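Contents: one structure, followed by commentary.
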Amino acid sequence: MQVEVQDSLVTAPESPDSFIKSLVGQTIASVKRRGKYLLLELDSQDTLVVHLRMTGRLTQTRLPLTGDDMKHLRFIIGFSENEGLAFHDTRRFGKAFILSRRISGDYWKKLGPEPLGNSFNARHLKRVVGNRKSPIKSLLLNQSQIAGIGNIYADESLFQAGIHPLRPAGDLTDEELKQLSRAIKETLKRAIKLEGSSIDSYRDSLGERGRFQETFRVHRRQGEPCPSCKSTVEKIRVGGRGTYFCPKCQHKS
DNA sequence: CGTTAGCCCTGCTGGC
DNA sequence: TGCCAGCAGGGCTAAC
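In this note's numbering, the protein residues as written are 87 to 339.
Here it is in structure tokens:
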């Protein structure tokens, strides 16, 4: 592959030079995911890691790029004369870096378990909530406790479980933790089936929009009727994030 | 250690 | 129409 970096912020604090050097001439052997990180494993056994953050997009594309396709382009990989992989990112929060095979094992220890994996269940949830007083929603967003749940999926999971986002995590009953672990798994599975949430910029690797946003029950629906009880959906701020919930269906205690 | 506020960015929206 | 405050799929860091 060939590589060009248009915006050095995407590789920061590493330089584009070392990033490019690790990639040129390599082949992508396999593609995986851990939490919100995309893992492109190379023949060298190093891994190109990409995090989309808020507005990143990684898409297969014809080359060369022209006109509007150059806007917000941060780096581009060429597989051949006319085929490649482009990373676009309006807000420039997205990151890409090379993870060397030597430390790849240790790197992922900072993340909690995959919510769709076998080790994530009510028991794990009970362990992470402990006696903590922070809002349950903040814990769901904490990647070191559970990997991969974002703002949309925290709101939708808490609605399905009937739990108020501000509930002190340690106060949740065993029954509620069971409901919550099930709601998280079901919410993520539904979202994956609909290929994600394209509120604005998200696109899949082929440039297609997801459709999960069409089925949001509370997220970004303040002022609208709750799909279950018709109460008005409210919006508050939790841990600095916009948070949407039904004041009647989601219990405060 | 747990928790929170501020910050990193750009572009869009809604209120005046 | 123009201007501008506020907000947005996330996460790191400093400070308490």
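Note that beta-carbon positions come from the ideal geometry of N, C-alpha and C, so glycine has one too. What you are looking at is a predicted structure, and each value in this text was computed from that prediction instead of being measured.
- Inter-residue spacing [alpha-carbon to alpha-carbon] between residue 239 and residue 97: Counting from one through the first sequence, the residue named residue 239 turns up at place 153. Counting from one through the first sequence, the residue named residue 97 turns up at place 11. Their backbone Cα atoms lie some 28 Å apart in a straight line.
- Secondary structure at residue 261, three-state DSSP: helix, strand or coil? Stepping through the first sequence from its first residue, residue 261 is reached at position 175. Secondary structure of residue 261 (DSSP, three-state): helix.
- Query: Considering only residues of the same chain and omitting the five flanking positions on each side of residue 95, which have a CB-CB separation below 6 Å?
  - Reply: Position 9 of the first sequence, counting from 1, holds the residue named residue 95. If we look at residue 95 and ignore the five residues flanking it on each side, its Cβ neighbours are 178.
- Message: Give me the residue from 109, 175, 261 and 211 with the minimum Cα distance to residue 165.
- Response: Within the first sequence, numbered from 1, the residue matching residue 165 stands at position 79. Here the closest residue by C-alpha is 109.
- Query: If you compare alpha carbons, which of 254, 154, 132 and 173 is closest to residue 188?
  - Reply: Residue numbering aside, residue 188 sits at position 102 when the first sequence is read from its first letter. The shortest C-alpha separation from residue 188 is found at 132.
- Same chain, Cβ closer than 7 Å to residue 185, neighbours up to 5 away in sequence not counted: Taking the first residue of the first sequence as position 1, residue 185 is located at position 99. Excluding sequence positions up to five before and after residue 185, its CB lies within less than 7 Å of the CB of 132, 133, 135 and 193, all in the same chain and listed in chain order.
- Message: Which same chain residues end up closer than 6 Å to residue 325 when comparing Cβ atoms and leaving out the 5 residues on each side of it in sequence?
- Response: Along the first sequence, read from residue 1 onward, the residue named residue 325 stands at position 239. Excluding residues within five positions, the ones whose Cβ falls inside 6 Å are 224.
- Item | residue 202, DSSP secondary structure in three states | Start at 1 with the first residue of the first sequence, and residue 202 comes out as number 116. Looking at residue 202 - three-state DSSP - the assignment turns out to be coil, as it is neither helix nor strand.
- Message: Pairs of beta-carbons, one from the region 112-131 and one from the region 261-275, closer than 8 Å: are there three or more?
- Response: The region 112-131 vs the region 261-275: no contact.
- Task: Out of 145, 183, 167 and 148, point me to the one whose CA is closest to residue 106's CA.
- Result: If you number the first sequence from 1, residue 106 lands on position 20. Looking at the Cα atoms, 183 is the closest of the given residues.
- Distance, residue 122 Cα to residue 202 Cα: Against the first sequence, residue 202 aligns to sequence position 116. Against the first sequence, residue 122 aligns to sequence position 36. Using only the alpha carbons, I get a separation of about 13 Å.
- Query: Is residue 339 helix, strand or coil by DSSP?
  - Reply: Reading the first sequence from its first residue, position 253 is the one you call residue 339. When DSSP states are grouped into helix, strand and coil, residue 339 belongs to the coil group.
- Which residue from 111, 180 and 129 puts its Cα closest to that of residue 163? For the purposes of this step, residue 163 is taken as the residue at position 77 of the first sequence. Among 111, 180 and 129, the Cα nearest to that of residue 163 is on 111.
- Message: Using 8 Å for Cβ pairs, my map puts residue 321 next to residue 308. What's the rounded Cβ distance?
- Response: One-based indexing of the first sequence puts residue 321 at position 235. One-based indexing of the first sequence puts residue 308 at position 222. With 8 Å as the limit, residue 321 and residue 308 qualify as a contact, their Cβ atoms being about 4 Å apart.
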